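K.L.:
Residue numbering for the sequence shown follows the working numbering, starting at 13 and increasing by one per position.
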Amino acid sequence: MNRKLARITLGRYPAIDLTAARKLARDAIALAAEGIDPRHAEEEKRLKNKRDLENTFGKLAEEFTVKHVEPNLKPTTQREYRRILFGNDTEKWRRRSVSSIRKRDIIDLMDAIDERGARSASALSLAYLRKFFNWCVEREIIDASPIDRVRLERKLLSRERVLSDDEIKIVWNAFDTEGGLFGSFFKLLLLTGQRRNEVAGMRWDELRDMDTHDAIWEIPSERTKNRRTHLVPLTESMRAIITGQDHIGPYVFTSTGETPISGFSKSKARADLKISKTIVNDGLPAMPDWTLHDMRRTMVTVMNEKLGIAPHIVEAVVNHVTGGAKAGVAGVYNRALYLDERRSALQLWSKYIEEQTV
């Protein structure tokens, strides 16, 4: 060993025959190639088994919490770690050696959480468990993390997803916590019910009468999906969000002063993380996955089913031109069609949001 020859006694004949001796010799050579002294292999194996028995998931989770979580993280985040490390989902791992937990165990855990419709919760669990297992690797308790290369699969989303009243409140509070440019953008997206890129690309020169109750946002035809100019009446809460933005360029929502905001996936992921934290901290039911477009669909559904707004008015609000909202004389769309009714509809919707989020 250590590049020195060593004599090893494998046993005595006839207690060990030639075939068994050859196998023992091959095993000893293999151990030596790995840097393990065959003379001490049994003792090392015994010690490893002892360490494995002592290093259970539950014991190490507690040690990780005391040595890493509590000294470095704020109380709310500490509670989230404890819920994940000591909650029902990981209870079956409590007495298992941490080295026995495999990638398949992680995938099974994520699948179980997903099946409850709690994709956001599974994302949070994966992130925190990844931290825990990486900590175990850094302390040489395990050789590799079972979470390496584990990714959450994006599931097909229903095109009928509508946020419940409770979910509207949770989502709105997440936007409040996000704050800043994206927090305001998300709120206006929900309040106006317009398309994501239309709101993101809002320009100051598209707005008029902003200091009155007749405020209007005029989206030019080149920026709308149906290539028709669209007028959006602005309620008081919408105006407050818009006028609260820094006027540093042509776009209302911009960080550069030259281009509209982008990076929606990252900002949505941050909102999802905040939603997951709220759900964990408040012990709320898991929230199924959702998209930004679901907010538009939610407004349409609530207007139709709860606020008693006529379908053709709702279609006019979201710039759907159908048989119910006629195109006008000689096929020229009247962009001011039902403007007063649309304003009333959006005022009712703004009030509805306010009632859900108090």
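Yeah, the Cβ is synthetic: ideal placement off N, Cα and C, and Gly gets one too.
This structure is a prediction, so every number in the text was calculated from the model and none was measured.
For S134, count neighbouring Cβ atoms within 10 angstroms of its own Cβ and tell me buried if that reaches 16, exposed if not.
P.N.:
S134 is buried by the Cβ-count criterion.
K.L.:
Please state whether DSSP places H225 in a helix, a strand or coil.
P.N.:
Looking at H225 - three-state DSSP - the assignment turns out to be coil, as it is neither helix nor strand.
K.L.:
Compare the beta carbon distance of R282 and G205 with 7 Å and say whether it is the shorter of the two.
P.N.:
No, these two residues do not count as a Cβ contact at 7 Å.
K.L.:
In the DSSP assignment, find the beta strand (DSSP E) that holds V244 and state where it starts and stops.
P.N.:
Taken as a continuous stretch (DSSP letters only), the beta strand (DSSP E) holding V244 covers 242 to 245.
K.L.:
If you draw a straight line from the C-alpha of I125 to the C-alpha of E152, how long is it?
P.N.:
If you take the alpha carbons of I125 and E152, they lie about 29 Å apart.
K.L.:
Would you check if there are 3 or more beta carbon pairs closer than 8 Å linking the region 70 to 85 to the region 112 to 126?
P.N.:
At 8 Å Cβ cutoff, the stretches do not touch.
K.L.:
Across which residues does DSSP place R215 in a beta bridge pair?
P.N.:
Partner(s): Y263.
K.L.:
Sorted by chain position, which residues of the same chain lie with C-beta nearer than 6 Å to F187's C-beta, five sequence neighbours on each side aside?
P.N.:
G195, F198, K199, listed in sequence order.
K.L.:
By how many angstroms is the C-alpha of G320 removed from the C-alpha of L243?
P.N.:
Computed Cα separation, rounded: 22 Å.
K.L.:
Do T224 and I233 come within 7 Å of each other at the CB atom, strictly closer than that value?
P.N.:
The displayed chain sequence assigns Ser, not Ile, to residue 233. Going by C-beta atoms, S233 is not nearer than 7 Å to T224.
K.L.:
By the 10 Å Cβ neighbour count, where 16 or more other Cβ atoms means buried, how is G192 classified, buried or exposed?
P.N.:
Exposed, since its Cβ has fewer than 16 Cβ neighbours within 10 Å.
K.L.:
Using C-beta distances below 8 Å, list every residue in its chain close to S267, excluding the 5 sequence neighbours before and after it, in chain order.
P.N.:
Closer than 8 Å at the Cβ level, and outside the excluded window around S267, lie L193, I273.
K.L.:
Mapping the DSSP letters down to three states, classify G336 as helix, strand or coil.
P.N.:
Any reading at G336 is ruled out, since the residue's pLDDT is 44, under 50, leaving its predicted position unreliable.
K.L.:
Less than 8 Å between the CB atoms is what I'm expecting for R207 and K181, so what's the real figure, rounded?
P.N.:
Actually they are not in contact, since the Cβ atoms of R207 and K181 sit about 24 Å apart, beyond 8 Å.
K.L.:
DSSP has S274 in a bridge; who is on the other side?
P.N.:
S274 is not bridged to any residue.
K.L.:
Kindly identify the DSSP beta-bridge partner or partners of E230.
P.N.:
Answer by DSSP bridge pairing, in chain order: L243.
K.L.:
What is the rounded straight-line gap between the Cα of W105 and the Cα of M299?
P.N.:
Taking the straight line joining both Cα atoms gives about 25 Å.
K.L.:
Grab the span of the alpha helix (DSSP H) containing P304 for me, first residue to last.
P.N.:
Per the sequence shown, the amino acid found at residue 304 is Leu instead of Pro. Counting along the chain, L304 falls outside any alpha helix (DSSP H), and DSSP gives it neither H nor E.
K.L.:
Is the beta carbon of G275 less than 7 Å from the beta carbon of G269?
P.N.:
Against a cut-off of 7 Å, the Cβ pair of G269 and G275 comes out as no contact.
K.L.:
With distances taken between CB atoms, is the gap from K286 to T369 smaller than 7 Å?
P.N.:
Cβ distance not < 7 Å, so K286 and T369 don't count as in contact.
K.L.:
Please state the DSSP three-state secondary structure of R220.
P.N.:
Strand at R220.
K.L.:
Measure the C-alpha to C-alpha separation of W216 and I231 and round it to an integer number of angstroms.
P.N.:
Approximately 11 Å, taken between the alpha carbons.
K.L.:
Beta-carbon within less than 7 Å of F76's beta-carbon, same chain only, minus the 5 sequence neighbours each way: which residues are those?
P.N.:
F144, W147.
K.L.:
Please name the residue, chosen from D306, A357, N67, E210, that lies closest to L175 on a Cα-to-Cα basis.
P.N.:
Nearest of D306, A357, N67, E210 to L175, Cα basis: D306.
K.L.:
With the cut-off set at 7 Å, would you say E367 and I325 are in Cβ contact?
P.N.:
Not a contact, by the Cβ cut-off of 7 Å.
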